[in-house]
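Reading through the C-alpha cells given below for one structure.
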Amino acid sequence: MKLPNFLRNYFIGRHTGKVSAHYDTYNKTYQTYLGDVIQGSRTVDEKDLLRYLGQNMQLKSGQKLIDAGSGFGGPALFFAENYGVSIDALTINEEQRAITQTKIAEQNLSSKVTVRQGDFHFLSNYFPAQTYDGIYFFESFCHAYHYEQVLREAYKVLKPGGFVYIKDYLVNESLNGLTENRFAEILENINQFYKFKFTAQQNSPTGMRTMLSKAGFETEIIQPVSYTHDNFEKVSGFHTATQHNEDNYIAGNLPDVFKVVGMYEVRGVKR
Ligand SMILES: C[S@@+](CC[C@H](N)C(=O)[O-])C[C@H]1O[C@@H](n2cnc3c(N)ncnc32)[C@H](O)[C@@H]1O
101 MKLPNFLRNY FIGRHTGKVS AHYDTYNKTY QTYLGDVIQG SRTVDEKDLL
151 RYLGQNMQLK SGQKLIDAGS GFGGPALFFA ENYGVSIDAL TINEEQRAIT
201 QTKIAEQNLS SKVTVRQGDF HFLSNYFPAQ TYDGIYFFES FCHAYHYEQV
251 LREAYKVLKP GGFVYIKDYL VNESLNGLTE NRFAEILENI NQFYKFKFTA
301 QQNSPTGMRT MLSKAGFETE IIQPVSYTHD NFEKVSGFHT ATQHNEDNYI
351 AGNLPDVFKV VGMYEVRGVK R
C-alpha cells in the first residue's frame with residue numbers, strides 16, 4: 101500500500117530520530133573502538149580500507165561528491181586530502197556534525213569539505229539537482245527507512261553518468277545451514293540494536309539490484325568486499341563495552357551473524 105507523503109515522512113522522521121539517538125548513546129564508544137571511521141567491516145589499518153574504497157569508487161581529482169551518512173568525517177577528510185575531490189557531508193546526528201566541523205577547521209579543509217546535519221531521505225532539499233559526480237554511503241544505507249526514496253533522491257542530485265556507491269551489509273540469499281527461525285532471530289537482533297529495517301527480500305543482492313534499477317541506476321557491481329578483514333577484535337571490543345554486552349547477543353553470535361549478513365560493495369551509474 102502506498103502511504104500519503106505526509107504519513108511516510110512522519111514514519112521516516114520517527115525512524116531517523118531513533119537512529120540519531122543510537123549515535124547519541126554510542127558516539128563516544130564508537131570513537132574509542134573505531135576511531136574516525138565508524139565501519140564494522142574494516143582492515144587492520146583503516147587507511148587501507150579508505151584506499152580500497154577510494155579506488156573502487158574510481159575517484160578522480162576535481163570530482164564533487166556527497167558523503168551520505170558521514171559519521172565523524174574520517175572518510176570525507178581522507179578523500180579530500182588524498183584524492184583532490186571536494187565533498188559535502190551529511191549526517192543525521194548533530195554531535196557528529198559538530199565533531200566533523202571542528203576537524204575540517206583543524207585540518208584546513210574548509211575549501212574542500214562541508215558538513216551539515218540532515219536526513220538522506222531528503223537529499224534534494226539540501227543539495228542542488230544534477231550537480232554531483234558521485235554519492236557514497238559507507239555502512240549508512242543500512243539505517244534507511246525507505247531505501248527506494250533514498251536512491252531516488254540520490255539520483256536527483258547526481259549528474260548524468262554520476263555514480264552511487266554503497267558499502268554495506270546485505271542479507272545473504274541462502275540460510276547457510278541455519279534454520280529459518282534462527283536466521284530470523286539473528287536478523288531481528290541486528291535490526292533492534294542498530295536500528296535497521298532489514299528484510300531478507302529488499303536487502304539481499306537481488307533486492308538491491310531491483311531497487312537501483314527502479315530508481316534509474318544501471319548496476320555496475322554488487323559483490324562481496326575483497327579486502328583482508330581485521331579479526332573483528334575492535335568490533336567485539338565495541339560490543340563488550342556497550343550495554344549490549346548484558347546479553348551480548350551480537351558479539352556472542354558472530355559466526356551466525358556472518359551467515360545471515362555479508363559485507364558488499366555496490367556501484368550504480370545514473371543513465
Ligand atoms: C555506521 S556509521 C558510518 C559513518 C561513516 N560513513 C563512516 O564510514 O565513518 C552510519 C552513519 O550514517 C548516518 N545516518 C544514518 N541514517 C541517516 C540518515 N537518514 N541521514 C543521514 N545520515 C544518516 C549516521 O549518523 C552515521 O553517521
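Here the sequence shown is numbered in the numbering used here, starting from 101 and rising by one per residue.
Every residue gets a Cβ at the ideal spot worked out from N, C-alpha and C, and that includes glycine.
CA-to-CA distance, residue j to residue i, given in whole angstroms
i	j	result
Met157	Lys359	27 Å
Tyr236	Asp167	5 Å
Phe179	Glu273	33 Å
Phe263	Val366	10 Å
Thr132	Lys102	42 Å
His246	Gly218	15 Å
Leu159	Glu181	12 Å
Thr129	His122	11 Å
Thr116	Thr191	11 Å
Ala198	Thr279	44 Å
Gln302	Pro355	23 Å
Contact set for residue i: own chain, Cβ-Cβ below 8 Å, skip 5 residues either direction
i	result
Tyr349	Asn289, Phe293
Gln207	Leu177, Glu181
Pro228	Val257
C-beta atoms of residue i and residue j nearer than 9 Å
i	j	result
Val119	Lys267	no
Ile138	Phe172	yes
Val185	Lys147	no
Ile286	Asn353	yes
Tyr232	Lys164	yes
Tyr364	Val325	yes
Gly261	Arg114	no
Val250	Val361	no
Glu320	Gly368	yes
Cys242	Phe298	yes
Gly135	Gly174	yes
His221	Glu253	yes
Endpoints, alpha helix (DSSP H) assigned at residue i
i	result
Ile350	349-352
Thr125	105-134
Asp188	Looking at the DSSP string, Asp188 is not in any alpha helix (DSSP H); the run it does join, the beta strand (DSSP E), is 186-191.
Limits of the beta strand (DSSP E) - the one that residue i falls within
i	result
Val213	213-217
Pro324	317-324
Ser165	The amino acid occupying residue 165 in the given sequence is Leu; Ser does not appear at that position. Here the beta strand (DSSP E) through Leu165 covers 164-168.
Gly362	361-370
Same chain, Cβ closer than 7 Å to residue i, five either side skipped, listed in chain order
i	result
Val240	It should be pointed out that residue 240 corresponds to Ser in this sequence rather than to Val. Counting only Cβ-Cβ distances below 7 Å, and skipping sequence neighbours, we find Ala168, Gly169.
Same chain only: Cβ atoms within 6 Å of residue i, ignoring 5 sequence neighbours per side
i	result
Gly316	Tyr255
Gln201	Val215
Ala341	Thr129
*In chain order, which continuous runs of the alpha helix (DSSP H) of length 4 or greater are located wholly inside the segment 197-280?*
223-226, 247-257
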